[in-house]
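> Residues in the sequence shown are numbered consecutively from 733, following the working numbering.
Glycine included, every Cβ here is placed at the ideal spot set by N, Cα and C.
Structure provided below as structure tokens; questions to follow.
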Amino acid sequence: ARRASCVNNLMQIGMAMHMYASEHSGALPWSGGRGNAECLLTLHNHYIPDYKSFLCPSDPESGKHKAISAQEDEKTLLNTRLNGNHSLRVSYEYFGAYTLSPITLPEYPQGIPRVPVVWDHAGAFPEGLEVPEDFGLHSTDKNGFSKYISISVFNHIPGGSNVLWLDGSVTFHRFPRDFADINLPYRPEGIAFEGVTRPVFQKESVPY
């Protein structure tokens, strides 16, 4: 049931993305790349009024939003820091935060290419951690403690992510079998991007 609710969340985000694109010459929200996803705040403010649509119901980190009370200003607290408190990216990653230009929908009758847009992420890496290049997914921090990414850090069982694609569909990708890299479910063709495969905690975000 929770995975189905997550799928519904992603489909709602997908519809909002397409509505945004229809009003912005086919371009999805973009704030310059380099890990910047502030454009999601615009999507929330104008197309998805309930921020809970950005929270995966299976994500233990979604509790970071519970501190928002009726007396607090939601718009002031909400942000887009990866895995951060009150963040629209506490559960889901947005590919457009890493592309070097906006993701765009092709004009009809061209087909829509296979591009991952939003997916459940498994967290991020603390700055300074040497991230492994292979899917052994083992490394150590500066103190010599082991650091692992395993299926246990994903929101859904078996370990993996629901993925929203550019055409609006949502599918489940198992980790690591279906993933192109540690934080990338699929490597699309013809789109320049950087940083998504090895994300790090951003300022003021909270490690898992």
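For the structure I just gave you, are there three or more beta carbon pairs, one from the segment 808-824 and one from the segment 756-776, closer than 8 Å?
The segment 808-824 vs the segment 756-776: in contact.
> Do you know how far the Cα of N741 is from the Cα of P781?
Walking along the sequence shown from the start, residue 781 turns up at place 49. Walking along the sequence shown from the start, residue 741 turns up at place 9. Looking at the two C-alpha atoms, the distance is approximately 13 Å.
> Give the DSSP-derived three-state secondary structure of T812 in the structure shown.
One-based indexing of the sequence shown puts residue 812 at position 80. Three-state result, T812: coil.
> Measure the beta-carbon distance from I844 to D899 and round it to whole angstroms, keeping in mind my assumption that it falls under 8 Å.
For the purposes of this step, residue 844 is identified with residue 112 of the sequence shown, where counting begins at 1. For the purposes of this step, residue 899 is identified with residue 167 of the sequence shown, where counting begins at 1. Sure, about 4 Å apart at Cβ, within 8 Å.
> Do the CB positions of T726 and I914 come within less than 8 Å of each other?
Summary: the structure shown does not reach residue 726, with the chain confined to residues 733 through 940, and so no result is reported for it.
> Helix, strand or coil: how does DSSP classify H750 here?
Residue 750 sits at position 18 when you count from the first residue of the sequence shown. Here H750 sits in helix by DSSP.
> Let me make sure I understand the geometry here. Which of E839, Y824, Y840 and T831 has the alpha-carbon closest to that of W851?
On the sequence shown, position 119 is the one that residue 851 refers to. That would be Y824, whose Cα lies nearest to the Cα of W851.
> Where do the N-terminal and C-terminal ends of the beta strand (DSSP E) with H778 fall, by residue?
On the sequence shown, residue 778 is found 46 positions in, with the first residue counted as 1. No beta strand (DSSP E) holds H778; the alpha helix (DSSP H) holding it covers C771 to H778.
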